[in-house]
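Remarks on the structure that follows.
There are 2 protein chains.
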Amino acid sequence: MNYNIVPLNELINQFSRLPGVGKKTAQRLAFSILEQPNEFAKQFANALIDAREKIHFCKTCQALTDLEVCQICDNPQRDHSVVCVVEDPKDVMAIERTREYNGVYHVLHGVISPLDGVTPDKLKIKELMARLSSGEINELIMATNPTVEGEATASYISRLVKPMGIKVTRLAYGIPVGGDLEYADEFTLARSLEGRNEI
Amino acid sequence: MNYNIVPLNELINQFSRLPGVGKKTAQRLAFSILEQPNEFAKQFANALIDAREKIHFCKTCQALTDLEVCQICDNPQRDHSVVCVVEDPKDVMAIERTREYNGVYHVLHGVISPLDGVTPDKLKIKELMARLSSGEINELIMATNPTVEGEATASYISRLVKPMGIKVTRLAYGIPVGGDLEYADEFTLARSLEGRNEI
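Just so you know, the protein sequences line up as chains A and B, in that order.
Residues in the first sequence are numbered from 5 upward in steps of one, following the working numbering.
Residues in the second sequence are numbered from 5 upward in steps of one, following the working numbering.
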């Protein structure tokens, strides 16, 4: 093809490197940049560089932050004796959106998955153990995902931590609020029956 | 919420300004940037700025190009006596992908749509008329989209151009290749019957 706009192709390539963005979507997005004022591309470019350069892991809880210690770890009004252990920084945000949790977090950055080469030493478990050794933490809430790997990771950490006399809890399983029993899978329904509460 | 990462929110906002990208997708894309090496964000940022700054309209055909005159208008091997009139720069690329067309293009950058305030003077029709006045052009292929506005624009231009003795043609309507008669709408099928060819 002799019609080839190099900077446009380069932009399409960059967009198509994003997860879930195929060739067609990348084209559509790249064209939309050309249709916007110059200012938009500049702001976008700055936001990309800023986010990548300024955001790193909180040195205490390993969540994302642009500060040295994240706003949650740094907040004296939060209960620092309860630590919620999650797989991913996005999970911190999901739990924060509930506005129901007032403890702090610890982000593992993955789950144990020997098939994918993820052994416990590749996760932020050392950092968690170091925090626990301070003696200020009474409860660990295991909030890894309800998958095989998430469960395995939760029980691995629980085995490490229980001898230290720290209470370890796990998020409740059950039917999702607003869900429909008819469409719930049998495992969820079974767990939901098991964990039934008196009303 | 007291957990607020300013550079991350800014990046999410920028992504969610793209067409078809909602809040959830924007979050997913922003996080994917953080998971990539620094280099990726830089390359992406450069591609954005480069594309926006270097790409403009070809001064002849109004298609996108990073040169003064696009590679198609600049190619002496193409037939400059046939001009294909399209709505959008993306249409040029679509027709080029067929590898069947050897003429040149003219991009209108829209279609006449009085309800949206798009009157003929807002399109690149003046520029088209200026090209036609050179006398080198024998045929205009109207390749606007098969919509009400596309049709209206095609017949508007055709009325302007026919008195100049230039042949005006329209893309053939019919069933799409690989399509299924059962699912073709009645208008397409009717046009397909009308335009039937001997085999």
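The C-beta atom is built at its ideal place from N, Cα and C for all residues, glycine as well.
Predicted, not measured: the structure shown is a model, and the values here were computed from it.
In DSSP terms, what residue i is bridged to
i         : result
Ser159(B) : DSSP, once it has assigned bridges, lists no residue as partnering Ser159(B).
Glu143(B) : Val86(B), Lys171(B)
Val122(B) : Ser117(B)
Phe61(B)  : Leu68(B)
Gly107(B) : Asp83(B)
Beta carbon proximity, residue i to chain A, threshold 8 angstroms
i         : result
Pro180(B) : no
Leu68(B)  : yes
Ile145(B) : no
Ile161(B) : no
Ala194(B) : no
Ile76(B)  : yes
Ala45(B)  : yes
Met5(B)   : For Met5(B), the predicted structure reports a pLDDT of 47, less than 50, and the residue's modelled location is therefore unreliable. A value from the coordinates is still provided. Interface residue, yes.
Residue-level contact to chain B via CB, residue i, 8 angstroms cutoff
i         : result
Phe48(A)  : yes
Asn106(A) : no
Asn8(A)   : yes
Gln18(A)  : yes
Per-residue contacts from residue i into chain A (C-beta, under 8 angstroms)
i        : result
Pro23(B) : Arg32, Leu33, Ser36
Leu15(B) : Ala51, Leu52, Asp54, Ala55
Asn42(B) : Arg56, Glu57
Chain A contact residues for residue i, given Cβ-Cβ distances below 9 angstroms
i        : result
Pro11(B) : Ala51, Asp54, Ala55, Arg56, Glu57, Lys58, Ile59, Asp70
Closer than 7 angstroms at the beta carbon, the chain A residues around residue i
i         : result
Ala158(B) : Here the premise fails: no neighbours, minimum Cβ distance about 23 angstroms.
Residues, ordered as in the chain, of the segment 93-104 of chain A that lie near chain E by beta-carbon distance below 8 angstroms: The chain inventory of the structure shown lacks chain E, comprising the protein chains A and B.
Near-chain B residues of the segment 50-62 of chain A (beta-carbon distance less than 8 angstroms), N- to C-terminal order: Asn50, Ala51, Leu52, Ile53, Asp54, Ala55, Arg56, Glu57, Lys58, Ile59
Ranges of the alpha helix (DSSP H) found wholly within the segment 5-45 of chain A, counting only runs of at least 4: 10-20, 27-39
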